[in-house]
Each structure stands twice: as C-alpha cells, then as structure tokens.
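Asks: Just so you know, the sequences run in chain order E and S. Note that my numbering numbers the first sequence so that position 198 is 208, with each residue one more than the last. Note that my numbering numbers the second sequence so that position 708 is 721, with each residue one more than the last. Ideal Cβ positions, reconstructed from N, Cα and C, are used throughout, including at glycine. If you're wondering where the values come from, they're calculated on a predicted model, not measured in any experiment.
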Amino acid sequence: MIEMNPITESTETSDISQRIGPLRDQLNRTLVGKEDVVELILTCLIARGHLLFDDLPGLGKTTIAKALAQSLGGRFSRVQCTPDLLPTDITGFNIFDQKNHSFEFQEGPVFTDLLLADEINRATPRTQSALFEAMAERQVTVDNQTLPLPPSFMVIATQNPVESHGAYPLPEAQLDRFAMKLNIGYPQRQDEIVMLGNSVGFVDDSDPLETVLDLNELRTIQTSVANVEVCEAVRAYLVDLGSATRNHPDVELGLSPRGLLLWLRVAQAWAALAGRGFVIPDDIQAVATPVLGLRIKGSQSAAGVLISEIIESVSVPNESR
Amino acid sequence: MSGRKKQFWNDLPGRVQLSMGLLAVAVVQFFRPENAPLLLVAVETLLYLAIPVLLLFFWGHRFDVSRSSGSWHRNVHFQLVGLFYTLAPLASQAGMRSFGYGDAYELVAILCVLNLAWYFTLFSKIARSENVAFILNSSVALFVCFATQQVLVYLIAFVYALTALWWLVENYWNRLIPKKLDAETRSLPIRGFAFGLTLILLVASGVIAAAAGPMSNLIVVQGFMPSSGGENGHDDMFARSGVGDGDMLTTGENATTVGAVDTDQFIEDKKPSIYDVVSEKYDGPVRVRKKMTSAQSLDAIAKHVHKVKNAEQAGKTFRTVRKSRKVFERELEDRISDALFFVEGPVPTRFRVDCFHHFDGWDWTKSDVRPPAEKETNIALETHHEHTWFVLKSSLPEFMAGEQHHRVKILRLESSALPAAPFLKAWHIFKVDQEGLFKWDESEMIRFRRETIPSQTVIDTISQRANLYSLRKEDFESFHRHTDPNLAQLPDNPTSSRIRELADQLTRGISPGWRQVEAITNHLRLHFELAENQVPDPDCEDTVGWFLEQGAGPSYLFATTAVQLLRAAGYQTRLASGFVVEKKDYVRKSGQSIVTHENYHMWPEVCFDSQHWIPVEPTPGYTQPVRYGTLWQRTESLVLDAIRFVFSHPLLSGAVLFLFIALVVLRRSWIAFLFWCCWLAMTFCGPGTRLRQTRQLIDARLWLFGVPRPSFVVIRNWFRKIDSDLPDEFFRFWNQRQFGNSVQPEAQQVERACRVIVSRLSPAKIREFVLQQND
Chain E
11 MIEMNPITES TETSDISQRI GPLRDQLNRT LVGKEDVVEL ILTCLIARGH
61 LLFDDLPGLG KTTIAKALAQ SLGGRFSRVQ CTPDLLPTDI TGFNIFDQKN
111 HSFEFQEGPV FTDLLLADEI NRATPRTQSA LFEAMAERQV TVDNQTLPLP
161 PSFMVIATQN PVESHGAYPL PEAQLDRFAM KLNIGYPQRQ DEIVMLGNSV
211 GFVDDSDPLE TVLDLNELRT IQTSVANVEV CEAVRAYLVD LGSATRNHPD
261 VELGLSPRGL LLWLRVAQAW AALAGRGFVI PDDIQAVATP VLGLRIKGSQ
311 SAAGVLISEI IESVSVPNES R
Chain S
14 MSGRKKQFWN DLPGRVQLSM GLLAVAVVQF FRPENAPLLL VAVETLLYLA
64 IPVLLLFFWG HRFDVSRSSG SWHRNVHFQL VGLFYTLAPL ASQAGMRSFG
114 YGDAYELVAI LCVLNLAWYF TLFSKIARSE NVAFILNSSV ALFVCFATQQ
164 VLVYLIAFVY ALTALWWLVE NYWNRLIPKK LDAETRSLPI RGFAFGLTLI
214 LLVASGVIAA AAGPMSNLIV VQGFMPSSGG ENGHDDMFAR SGVGDGDMLT
264 TGENATTVGA VDTDQFIEDK KPSIYDVVSE KYDGPVRVRK KMTSAQSLDA
314 IAKHVHKVKN AEQAGKTFRT VRKSRKVFER ELEDRISDAL FFVEGPVPTR
364 FRVDCFHHFD GWDWTKSDVR PPAEKETNIA LETHHEHTWF VLKSSLPEFM
414 AGEQHHRVKI LRLESSALPA APFLKAWHIF KVDQEGLFKW DESEMIRFRR
464 ETIPSQTVID TISQRANLYS LRKEDFESFH RHTDPNLAQL PDNPTSSRIR
514 ELADQLTRGI SPGWRQVEAI TNHLRLHFEL AENQVPDPDC EDTVGWFLEQ
564 GAGPSYLFAT TAVQLLRAAG YQTRLASGFV VEKKDYVRKS GQSIVTHENY
614 HMWPEVCFDS QHWIPVEPTP GYTQPVRYGT LWQRTESLVL DAIRFVFSHP
664 LLSGAVLFLF IALVVLRRSW IAFLFWCCWL AMTFCGPGTR LRQTRQLIDA
714 RLWLFGVPRP SFVVIRNWFR KIDSDLPDEF FRFWNQRQFG NSVQPEAQQV
764 ERACRVIVSR LSPAKIREFV LQQND
C-alpha cells in the first residue's frame, strides 16, 4: 500500500475537485442537463483514459469533445473517419524534402493533446489499428522511427450504433484501450427548453471557449489521481468483480488485467472528484457500467443486465479491518 | 404475475403427467385406509403431495428445473432431497404407530415408492425424470391391483391405465408418424384418435369388469403380502387382513387372536372358555358369593393367630422362609409350553395378581383393608366403538401421565385375579358385556367371579402410567398417613426398632414424599445383593433381621424389608405379588412377551391417597416400575403436566398466553428494541467499533422488517432507500474508517453521527417504508 501523508493527501484530493470545478461548469454549460455524463468525462480525463461515445447522431458528442479540448487550451485535432482513411492520415508520414535532399516527417493529427476520432467505426480495421500504439503507449512508430505523443494525449472517439452499413465494428483489442464508453442520451424536456433558449440569437461557433484548466495543471491532477489510496479490501473486491466477469456463463469475453487496471484508475479518479483521498466500493460500482460496457460481451443478455448480475454476484467489503 | 410464480408454472409438468401422478396416489391411498382413519390418511396424503409442490415453488430456480441437464450441484441437491422425501413415510409411520395407527410394512414400502414417483412427476422436466415417474407410478398401481380386492381401487387404476396409455401415445406418436406419412400425405388427428381409442377401451373394460363380477378371487395372489401372516411370517399389528392368513392365527400362539376358541383343539379341551362362562353353558349362572363376616372378640394377638390360621387353610399366606429356587435358562419353545399368559404391549411392565398386608416376621397374610361394597360400585360398563369395556370409576391423581394398552391372553394362569398393569383403568374381553362378572376382592384386586379366568381368554387392558417427574414434585404432606393400621403394621420383634432407625436414617433431610420412598428403595438396590438361593434357615424367627445382617437374599426378602422400611418411614405400604415382564421376555418374531412362572416376583406398593397403589422396586436387576420412560412418554408427561398447570392456573396461563401472543405479534419491535438496548450499552467502544455496531444495528433492523440489505449493495445506497435525506456524516466516517488511511474522526463526532442515523432509521421509519413498498 502506498504510504501517504494523510493530511496532505486529503487536502490534495479536495483540491482536485475545486480545481476541476471551472471545467465542470463550462462543460455543463455546453452540454445542458448532462451532469452525470460530464462527471464521467472529467473522470476519464483525470484518469488519463480514452473515451468512446456510443450514441445516436446529434446528441452532442462532437460538441462536448470540442468543448473539452478548448477548455483545456491544448491542441485539438479532429479526424473524420471514413473507409478510405489511411493509417498515415492519422499518424503522419515522411515526405522527401527536395531542398534538403532528406525525408521530413509530416506529423499526423495524432500529435495533439486531444484527438477526436469521429465515427471511428467507419474507418477500416487497418486504420483503426493505427491508434493501438498511440492509445496504449502514447507514442507512434512510423518507418522504424518512434515518436512520443504529448503526455496529456487523449482520444475521444464517437461511433453510431444504429447504422451498421459500411461500418467496421471496433475489435476487442481496440475497445480494451478505451477507459470507458459513454452514452449521452436525449436531454430532458426542461433541459431542451434551456438549450433552445441558449441558441436564440447570433451565436458565433468559431469563438473558442475560454481555457479554464491549464494542461500542466491537468497533468498535476492526473498524477495526484494515481496516488489516491486503494485499500486491500477494495482491491480484493475489484479482483472478485473481475473474476466474476470471467466466470459468468453468459459472458463470452471477461475483463482483462488491463481492463482491471483501467477500472481501478477510473475509480480513483471518481473518488478524487468526490474529494476523497481513498477509493470506496461505491466508486467501483459507480464507474462499473461505463468501464465494463465496452469490455463485456454477452452471448444472449444485454451488457447492462450482465453488469448488474456481475455486481450482484460479489459482496461489498463491509469489514475491511 | 411475479417471476417466481411464472417460473413455477413453467416448471410444472404437463397435465397428463400430473394426472398420472395423482391417480397413482389415489390408487394407493384408497387401497390404504384399513388400519388408519380416513382423516389421518387424507392429511398425510395432502402433506406428501404438497411437499414437492412447495419445493418446486420455492427452490425450482435453484434446481434449475427448466434445464434438463444441470450442474452436479443441482443433481446432488435434487437426489438428496428426493432421498429424504422418499424415506419420509418411514418416519411418519413410526410416529403414527406410537398413536396406535399404521400400515403394513409392504404398504410402507409402497408409500416410499409412491413418494419417489410423485417427486419425479413434479420434477419431470429434468432429464429422464418423466420416464422414471411413469415407470414408478405404473409399478405402484400394478402392485396395488394385485394386492387389493376393492372395486374402487380397480376403477381408479383403470383410469390410470388409460391416462398412461394417453401419455405413451402423446410421447411416442412422433416416432410412429413418419411410417404413416410416408404412405399418405394426410395428417392424422392424433388427439382425437387417442381420445377415441381410450374411450373405447374404457367402455369395453367397464363391460368386461361388470360381466366378470368380483375379480378379487381371480387377481389377488395368495401370500403376496408378506407381513399378513403366512407360513413363516409374523403377524404385524398393522398387517392387512384377508390375504394369506398365517398359521399363527389358527394355532392360538398369539395374544391377538381369539380364533383358537373355535378350533378343534379347543373344542376337545375339557376346560371352559370365557364364552362358556358368559353364556352359562358350562356351570350355570354366575352368582355373587356371599361375604363371610363374623364377629371377633379376641385380643389382637389371638386375632392375628386366628387370621393366619384361616389364611393358611385357605392358601392365602406367603411365608418368607422358603426353599431355594432353581433358576435356569429355558429355550423359547420351553417358554411357550410353560407360558402362563402372553402379553402384547409395552414392556417392561408388571401384572399384579395378589397382595398381602400383614407381616408377623415370618408370614405375610391378607386382611380386609377396604369395604368391598364401596369398590364394587366403581366397575361400570361402557361401550366404545361397539366394544364393551369394564371401566373403573375413580378419580385420577395428579401424577398420572398417559395411558398404555396391553393385550393379555390367558393360558395356564389358573387364577381368578385379573392380570393387569398398575393403575388399571379399563379392560375388555371380546363379546363379553355381562355386568357383575368382575368384582373387587378384600385386597383390592379385581377378580373374576369364578375360580379361574378360563384359558385362551384374551383381555385388552388400558392402564395409566405414573410420571416420575410429577411424583417427585407432588406435595404429599396433605395426604393421609396411617389411615389404616394394617398398612403401617410392623412385626413385634427386635428388628422393628432397627428398621425404624434405618428408615429414619435413610429419610433424614429428605422432604416427605416420593423422594423418601426412592431413598429407601435405592438403599436396598445399591447395598444389598440379589441371591435367590441364599434363603434363611427354616428355624429363622426373623427373616428381615436375617436379611439385613446377610446383605443378600431372594427378591421376596427385598420386598418384605422394603415394606417394613417404608412403613417405618410412615407410608402405607403393602406387599404385592405378580409377574414382572422385562424386555428380555419379548419375542420379536411374534411381537409379544411370554410370561411363565419365572416371571413371578414380589414388590412393595405404596399408597399416598388411600386409593392408588404405586409399585416400587427395591430388588436390584429389576426395572423400576415408575420411571421417565421413553422420550415419547416423557414428552407426553410434560404436555399433560402443562395442560394440568394451565387449567389449575387459568389467570396466570391467560396472562402468559397474552404475553406470548404479544411477543409473537410484536416480535420485530421487541427484538429491535433489544438490539437497540445492546447498542446503547456499548457507548464505551472506540469509534471504529461504534461505527460497525451502528451499521450492524441498522442492518439488523432492516432484516427484521423484511428489507435486508443485499450483500452487494453499499450501505449508503441501501440506507438512503429508506430515508433519502440521511446526512452524509455517518457514511463519510464509515468509509474513512473502513477504507481510508487518512485522519480518523473523533469519537464524539462518530457518536453523534451514529445517534443521528440510528434515530433517523428507526423501526417505525423502516416499517413505514415497508408498508409503502407493499402498497
């Protein structure tokens, strides 16, 4: 167990929630009435995870991704995935500089702080695979040359679950590299009224949002999140849940150790956002659906039902000490 | 419809399968009620039918019935539960037999198979269960058809056969269809065809059955029922009659039968039967003997001498100086040939046939201790279930505990005394209902008004059992002592003073009553040795003194000495003689005990209430007549004691009952209150323990009121289901304590948070939540 100064740690974690507050407010203003989704986006962000939006068109996937990038003040790239998109269109390529008689590397959109891969399931598997290394190891290898990506590199991908024609479902290996999958869903009636009210009058979409969280500060927060305490009972609980996914008769593919590590990190981030310096079973359960949603593949039942069954099959630790 | 109900209906077998199971049950149960009352059979049947239904309802999901092949857990559970259910009739039979009901052994076996069949029928969705159920049901129905003579059972079995045929057609028709359809394209109306076929068969069979008349003679196989007698079998008390009557019934070697009186063997016998006496064929009408009374003007000694003389002449004395007795083991056949009477019923027991009151240090003699006329009026005739019983009308003392039945068959007893267990209540002789046939004699024995009770007479007796527990508790201070000088008499010799000293020594410090009696008899049992061959010399003047010095002697000296000691302690005591039947006398094969001369024994009897004589046993090696008995008897005693207590203390019992009902109705509240008191008393604990106790208290309250927290739900989520506005403080402290490593909260803060949550999640609040949920 990581030894920490309890007072400092407690102060740090409560500070995280405070420091992330402006970003939270800005995103909530952008995506009206979706506080829970915004909270999970922030969780994924400070957990250094990648995010997959799986929802219908027009629900604000791209909007929230752009808003997040602008709020962080970092570089933002967008790739509109189509079947003719090539891997080099994402990673970059070497071109011959006739003046210098040498090859010069032309960086692709992946060299950014926040990459929005729109409609990712429309890219071919070959192109999708170009993101493997970038997402897992935060580096890109082109022509035997390995180039590091920015430390705050994050992929926000979207996919449309309805249209299957001309789409290539993401392979399990790709899915496993995302930290969580989110559904934004339709807004509530009252929220839609507010949203419509906000759009009345001239709105200049080209005006960028105010930067409310510096990338360096984000990096500090991400480091602090990694230090959030996880006691042995909670770790055992997490392992039991992982085993339950592997032993469930209706689950074809259980949770990988990488998935378990990501779940832990996301739970740490959730605890940090709640102002806590330690993870409790509530945190594990709170992020279970977005984390397991893209990892659990059932033979018959829907993923939501399977996740509920898995959670219900493991007792929460009440008496850890 | 809830999920469980829906699953239950899905798991249920098909209608045809269910009908087959129920018909098989009906076949057996209509065949059965020969020995058991209809109501009992109905209740038991419903119970056995209901058990698998309830199992299917509550545990169907565990058995995973809808999946034909399950895990080994499912299979093991299924088989274990099935095994217990199959063997359940054995247990219920044991219980029923203790109430005097029961079935023949082969029928018990059928009931077991029937249970198994019904179990498989209910769970027929499990692989191969349907076929097994079919085979078992059919086997049971077939067996019963071969063993019964009842037309109703044949009819039910016939309907069963038709249903079984239907089931076969439904299940296996598909295998036949291709052969038909190869030739013709038109599909066959399967259900209509099967229905028509069964209807035709039903009518045809009914006509044949009606034409054939009584079929029993054709079908019933002789000796098919092994426990109903037969050449080598034994006659179980619940064996079914009418099939393979055994030799035992005709040879008369059984206490149950009275058939022997009609056999050639008995007709050639010169001795009269009880029916000859009752019908007055043998020796004229029964007459009540006149009592001989005469005025006596002699002094006490002369009176006694005169009495002994008379008694000797009449053979009514028992001399304590006797020749030594030869004791040797006898074979069973010898015992039967020497049998005085057979006894069927619980043993060990004892049958008193005589008693003595006066002891002069040498001889025991009888004396008139009660006016006989007073007793004579107490024998009444009562009819129960068309049988006439001679009933003794007397009040029951407090220390009685239930009844016991015995059946005695007189063989060579040659006595007019009715051999009966202590505390006789009633007796019955088949077809004998003549008033005045029995009388009380001068020594309080019930005697037949002839010289002897005829051989081959079968007497059913009902007697009471004394409860040792009640006897020990009984307050005997209120009873009369020394009401009869004859029963407190001690011989006029030097030993009497020694006897008094010993009695005083043995009873000192023990409260008067049964405990003192036990102290005296136990002293003899523990410190004296039974030696049948060690007898006093013929010139011995004081046999009790001799016995006390020797420390050993025959059983009658144990009894004599015990009587003296008990009288010296102030208890009315007499010497009783009769037959003690021990467990070793029980012959399992015939289900009865054989009583010979070797069972003759003497023992003291104590009277506390001038009415009931309680036997005691001072001789080592003989079973105590008053004891706790079997577990059932003890339970029965306790129940009777409780009933008596309830009726004697109605106010207190009512209050206790009210309190009990209140406790049951308000069980949740007071248990929750107890938990709360415990929680309140533990304020001295540290913050961590206090938090845990609070969590446990709330969890216990939720469990009590039917909303237990599932193990996978964190406390915050569940507790807030009850009260969504619960403050966060407690949960924060809880999480901090359980999962955090940061600064721990102060005890006072924790106590405050705990008190808040305990008061917010009060039993009333939880009950209100449960009611809302139910609405």
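(1) To the nearest angstrom, report how far apart E/PRO158 and E/PRO119 are at their CA atoms.
(2) What three-state label does DSSP hand E/GLN28 in the structure shown?
(3) Terminal residues of the continuous alpha helix (DSSP H) containing S/CYS691?
(4) Using the beta-carbon of each residue, which ones in chain E are nearer than 8 Å to S/SER724?
(5) Within 10 angstroms of the Cβ of E/ASN268, are there 16 or more other Cβ atoms? Answer buried if so, exposed if not.
(6) Taking only beta-carbon positions, decide if S/GLY753 is within less than 8 Å of chain E.
(7) If I follow the unbroken alpha helix (DSSP H) through E/SER253, where does it start and stop?
(8) Could you tell me whether the region 100-118 of chain E touches the region 68-79 of chain E, using the rule of 3 or more Cβ pairs below 8 Å?
(9) Shorter than 8 Å from the beta carbon of E/VAL48 to some beta carbon of chain S?
(10) I need the DSSP call for E/GLN90, collapsed to helix, strand or coil.
(11) Bridge partners of E/LEU192, per DSSP?
(12) S/ASN748 to S/THR702, Cα distance in whole Å?
(13) Mind listing which residues of the region 277-302 of chain E have their C-beta closer than 8 Å to chain S's C-betas, in chain order?
(14) Taking CB distances under 8 Å as the criterion, tell me whether E/CYS91 reaches chain S.
(15) Looking at E/LEU180 and E/ILE130, is the spacing between their C-beta atoms short of 8 Å?
(16) E/ILE321: which of E/THR156, E/THR168, E/ASP250 sits nearest, CA to CA?
(17) Using 8 Å as the limit for Cβ to Cβ distance, is E/VAL120 near chain S?
(18) Is the CB of E/ILE321 under 8 Å away from at least one CB in chain S?
(19) Which residue from E/LEU225, E/ARG148, E/HIS111 puts its Cα closest to that of E/ARG85?
(20) Less than 8 Å between the beta carbons of S/ALA433 and S/ALA516, yes or no?
(21) Leaving out the 5 sequence neighbours to the left and right, which residues in its chain are closer than 7 Å to S/LEU215 when beta-carbon positions are compared?
(22) Any beta carbon from chain E within less than 8 Å of S/ARG780's own beta carbon?
(23) Below 8 Å on C-beta distance, what does S/VAL727 contact in chain E?
(24) Would you check if the region 550-562 of chain S and the region 508-515 of chain S touch, i.e. whether three or more CB-CB distances between them fall below 8 Å?
(25) Within 8 Å, do at least three Cβ pairs link the region 348-365 of chain S to the region 605-616 of chain S?
(26) S/ASN748 versus chain E: which residues are under 8 Å apart at the beta carbon?
(27) Going by C-alpha distance, which of S/ALA130, S/LEU93, S/LEU426, S/PHE43 is nearest S/TYR167?
(28) Please list, in chain order, the chain S residues whose beta carbon lies closer than 8 Å to that of E/ALA243.
(29) Mind checking whether S/SER137 and S/ALA177 have CB atoms under 8 Å apart?
(30) Using a beta-carbon distance below 8 Å, is S/ARG647 in contact with chain E?
(31) Terminal residues of the continuous beta strand (DSSP E) containing S/TYR613?
(32) Would you list, in chain order, the members of the region 707-724 of chain S that have their beta-carbon closer than 8 Å to a beta-carbon of chain E?
(33) Does the separation of the CB atoms of E/SER162 and E/LEU125 fall below 8 Å?
(34) Kindly give me the distance between the Cβ atoms of S/ALA655 and S/MET615, rounded to whole angstroms, as I take these residues to be in contact under 8 Å.
(35) Throw me the rounded Cβ distance for the S/ASN499 and S/MET413 pair, which I believe falls under 8 Å.
(36) Between S/GLY27 and S/ALA130, which are expected to be in contact by the criterion C-beta below 8 Å, what is the C-beta distance as a whole number of angstroms?
Replies: Answer, in terms of the structure:
(1) Position 148 of the first sequence, counting from 1, holds the residue named residue 158 of chain E. Position 109 of the first sequence, counting from 1, holds the residue named residue 119 of chain E. Their backbone Cα atoms lie some 13 Å apart in a straight line.
(2) Start at 1 with the first residue of the first sequence, and residue 28 of chain E comes out as number 18. Correct three-state label for E/GLN28: helix.
(3) The residue you call residue 691 of chain S lines up with position 678 of the second sequence. According to the DSSP assignment, S/CYS691 belongs to the alpha helix (DSSP H) that extends over 680-694.
(4) Numbered from 1 along the second sequence, position 711 holds the residue referred to as residue 724 of chain S. Going along chain E in sequence order, the residues near S/SER724 (Cβ under 8 Å) are SER325, VAL326.
(5) The sequence position of residue 268 of chain E within the first sequence is 258, counting from 1. Reading off the sequence shown, one finds Arg at residue 268 of chain E, where the question assumed Asn. When all chains shown are included, E/ARG268 counts as exposed.
(6) As a position in the second sequence, residue 753 of chain S is number 740, starting the count at 1. For S/GLY753, the answer is yes, since a Cβ of chain E falls inside 8 Å of its Cβ.
(7) Your numbering for residue 253 of chain E matches position 243 in the first sequence. Here the alpha helix (DSSP H) through E/SER253 covers 242-257.
(8) no
(9) For the purposes of this step, residue 48 of chain E is taken as the residue at position 38 of the first sequence. For E/VAL48, the answer is no, since every Cβ of chain S falls outside 8 Å of its Cβ.
(10) As a first step, residue 90 of chain E is located in the first sequence; it is residue number 80 there, counting from the start. Correct three-state label for E/GLN90: strand.
(11) Mapped onto the first sequence, residue 192 of chain E falls at position 182. E/PHE63, per the DSSP bridge assignment.
(12) Taking the first residue of the second sequence as 1, we reach residue 748 of chain S at position 735. Taking the first residue of the second sequence as 1, we reach residue 702 of chain S at position 689. Straight-line Cα distance between these residues: approximately 13 Å.
(13) ARG286, GLY287, PHE288, VAL289, ILE290, PRO291, ASP292, GLN295
(14) Start at 1 with the first residue of the first sequence, and residue 91 of chain E comes out as number 81. No, its Cβ sits nowhere closer than 8 Å to a Cβ of chain S.
(15) Indexing the first sequence from 1 puts residue 130 of chain E at position 120. Indexing the first sequence from 1 puts residue 180 of chain E at position 170. Contact: yes.
(16) On the first sequence, residue 321 of chain E is found 311 positions in, with the first residue counted as 1. Minimum Cα distance to E/ILE321 is reached at E/ASP250.
(17) Your numbering for residue 120 of chain E matches position 110 in the first sequence. Cβ-Cβ to chain S under 8 Å: no for E/VAL120.
(18) Taking the first residue of the first sequence as 1, we reach residue 321 of chain E at position 311. True, the Cβ-Cβ gap to chain S drops below 8 Å.
(19) Within the first sequence, the letter at position 75 stands for residue 85 of chain E. Cα-wise, what sits closest to E/ARG85 is E/LEU225.
(20) To locate residue 433 of chain S, count along the second sequence from 1; it is residue 420. To locate residue 516 of chain S, count along the second sequence from 1; it is residue 503. Not in contact: S/ALA433 and S/ALA516 (Cβ atoms no closer than 8 Å).
(21) Start at 1 with the first residue of the second sequence, and residue 215 of chain S comes out as number 202. If the five residues before and after S/LEU215 are omitted, its C-beta is found closer than 7 Å to the C-beta atoms of LEU175, all from its own chain and listed in chain order.
(22) Here residue 780 of chain S is taken as the residue at index 767 of the second sequence, counted from 1. Judged by the 8 Å Cβ criterion, S/ARG780 is not in contact with chain E.
(23) The sequence position of residue 727 of chain S within the second sequence is 714, counting from 1. Per Cβ cutoff of 8 Å: ILE290, PRO291, ASP292, GLN295, VAL326.
(24) Touching, yes, given that three or more Cβ pairs across the two stretches are closer than 8 Å.
(25) yes
(26) For the purposes of this step, residue 748 of chain S is taken as the residue at position 735 of the second sequence. Close to S/ASN748, with beta-carbon spacing below 8 Å, are these residues of chain E in chain order: ARG286, PHE288, ILE290, ASP292.
(27) Within the second sequence, numbered from 1, the residue matching residue 167 of chain S stands at position 154. Ranked by Cα distance from S/TYR167, the options S/ALA130, S/LEU93, S/LEU426, S/PHE43 are led by S/PHE43.
(28) Here residue 243 of chain E refers to the residue found at position 233 when the first sequence is read from its first residue. Here the neighbours are GLN751, PHE752.
(29) As a working mapping, residue 137 of chain S is identified with position 124 in the second sequence. As a working mapping, residue 177 of chain S is identified with position 164 in the second sequence. No, the Cβ-Cβ distance between S/SER137 and S/ALA177 is not below 8 Å.
(30) Counted from its first residue, the second sequence places residue 647 of chain S at position 634. So no, S/ARG647 is outside the interface.
(31) In the second sequence, the residue the question calls residue 613 of chain S occupies position 600. Note, S/TYR613: beta strand (DSSP E), 613-620.
(32) ARG708, PRO723, SER724
(33) Stepping through the first sequence from its first residue, residue 162 of chain E is reached at position 152. Stepping through the first sequence from its first residue, residue 125 of chain E is reached at position 115. Not in contact: E/SER162 and E/LEU125 (Cβ atoms no closer than 8 Å).
(34) Mapped onto the second sequence, residue 655 of chain S falls at position 642. Mapped onto the second sequence, residue 615 of chain S falls at position 602. Actually they are not in contact, since the Cβ atoms of S/ALA655 and S/MET615 sit about 37 Å apart, beyond 8 Å.
(35) Within the second sequence, residue 499 of chain S is the residue found at index 486, counting from 1. Within the second sequence, residue 413 of chain S is the residue found at index 400, counting from 1. With a contact defined as Cβ atoms closer than 8 Å, S/ASN499 and S/MET413 miss out at about 26 Å.
(36) Stepping through the second sequence from its first residue, residue 27 of chain S is reached at position 14. Stepping through the second sequence from its first residue, residue 130 of chain S is reached at position 117. Not quite, the Cβ-Cβ distance comes to about 16 Å (not below 8 Å), so this is no contact.
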